[in-house]
Each structure stands twice: as C-alpha cells, then as structure tokens.
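Visitor: In terms of mature numbering (1 follows the signal peptide of the UniProt record, and there is no 0), the sequence shown is residues -26 to -1, 1 to 137.
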Amino acid sequence: MVVPRRLFPALLAVLAVLLAGCGSGAPPTVTFTVSGQERTTGPTQYCDLKLTDCSADANAEVHLPVPAGMPVHIAVPEELSSAPWHVVFSYHGPDDQKVDGRSPVFAPNTQRDYTLVLPDAADTLLTAQVQQFGPAPVANEQTGEIEFPVRGSWVLVAAQQPL
C-alpha cells in the first residue's frame, strides 16, 4: 500500500495514538465477599512499576456490610499476585478501641486469595485494604528504617449493620 505524502503525517499521528494504548491495560481489580455479597473494585491508588506515574481514584473504594465477627474473603487476580501483597485492616476490638492489623506478606505467585478473620466474634471491621508492593524495599536515609514501596491499594470500607 502506498500512502500519499500529504497523508503521511496524519497516518503517523493515528498510529502513535493506537500504539500509546497498547500495553496500558486497566489496573487489576480485587473482589471482596461477605456473606455472599460481592463487590469488585479497581485501585484507589495505582502506579507503574517504577512508581513514577501514579493515579488516584478515591471513588474506587467499595462499601459492604460486614456484621461483627463475619469473615471477609478477598480474591486478587494473577496480575496482582505476581508481586508481593498483603492486607492491612482496622477494626473495633475490646472496649471499642481501634486496632490495626495486617496479614502475612504473600510472596509472588503463591496466593490469589485471603480470608480475613478478626480475633474475636464481637470485633467489627472498619476497613480492609489490599496493598501490592512495588520495587524492592529501600532504607530511608533520614530514619534508617526500611520502607516497602506500595504500588497499588484496593479499599473496602465496612458498613455496620444495626443490631
């Protein structure tokens, strides 16, 4: 096929737009399930592998009723589980005090789901957040502490049901 010289710049522009879309698929989604109710969501924050190009979407958090003591099943796709990931969460524990916790860190390609079970049947979940780690951990030059860069976060906000 021969392209007339005057159409060549326009053809290059169209080709550039098409190629820009290649390899830039949508970020992975996570599914939270409680008592048969399921919510799937994209990340509230997601970055490229170098953490140089990040986007945020506060509207991506999902809300789901989580009765006290009810487990939350979390399913992640292969794209997310191909890197280390874990679940951080907050709940109201004894004496209605807020408690923060986290699951173990799952090594790449070893786990595609996790069931969050709080320590006591009376505990009420506030939030659960899947975090996918990005590049290798680095030492903070000012504090000397090891920092684990997070590439993406998927958030569940627990809606409490009246007793």
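We put the beta carbon where it would ideally sit given N, CA and C, even for glycine.
1) With a CB to CB cut of under 7 Å and the five nearest residues on each side skipped, what residues in its chain are close to N114?
2) Let me confirm a value: L130 is counted as buried when at least 16 other C-beta atoms fall within 10 Å, else exposed. Which label applies?
3) I'd like to know whether the C-beta of T7 is nearer than 7 Å to at least one C-beta of chain D.
4) I'd like the list of long-range same chain contacts for Y65, defined as Cβ closer than 7 Å, with 5 residues on each side in sequence excluded.
5) What's the C-alpha gap between P111 and P123?
6) For the stretch 1 to 9 against the stretch 24 to 44, are there 3 or more C-beta pairs whose distance is under 8 Å?
7) Thinking just about the alpha-carbon of each residue, which of E35, D22, Y88 and A30 is nearest to the one in R76?
8) Closest to F107 by C-alpha separation, out of G16, R13, H60 and Q85, would be which residue?
9) Below 6 Å CB to CB, which residues in the same chain sit around P68 once its five sequence neighbours on both sides are set aside?
Guide: The relevant details are as follows:
1) Cβ within range, chain order: E121.
2) Buried: at least 16 other Cβ atoms inside 10 Å.
3) Protein chains in the displayed structure number just one, and chain D is not present.
4) So the list reads V73, L92, D97, T98, L99 and L100, once near-sequence residues are dropped.
5) Spanning the two alpha carbons is a distance of roughly 6 Å.
6) As far as the Cβ criterion goes, the stretch 1 to 9 touches the stretch 24 to 44, which means the pair count is three or higher.
7) The candidate whose alpha carbon is nearest that of R76 is Y88.
8) Comparing Cα positions, the closest option is H60.
9) Hits under 6 Å: none found.
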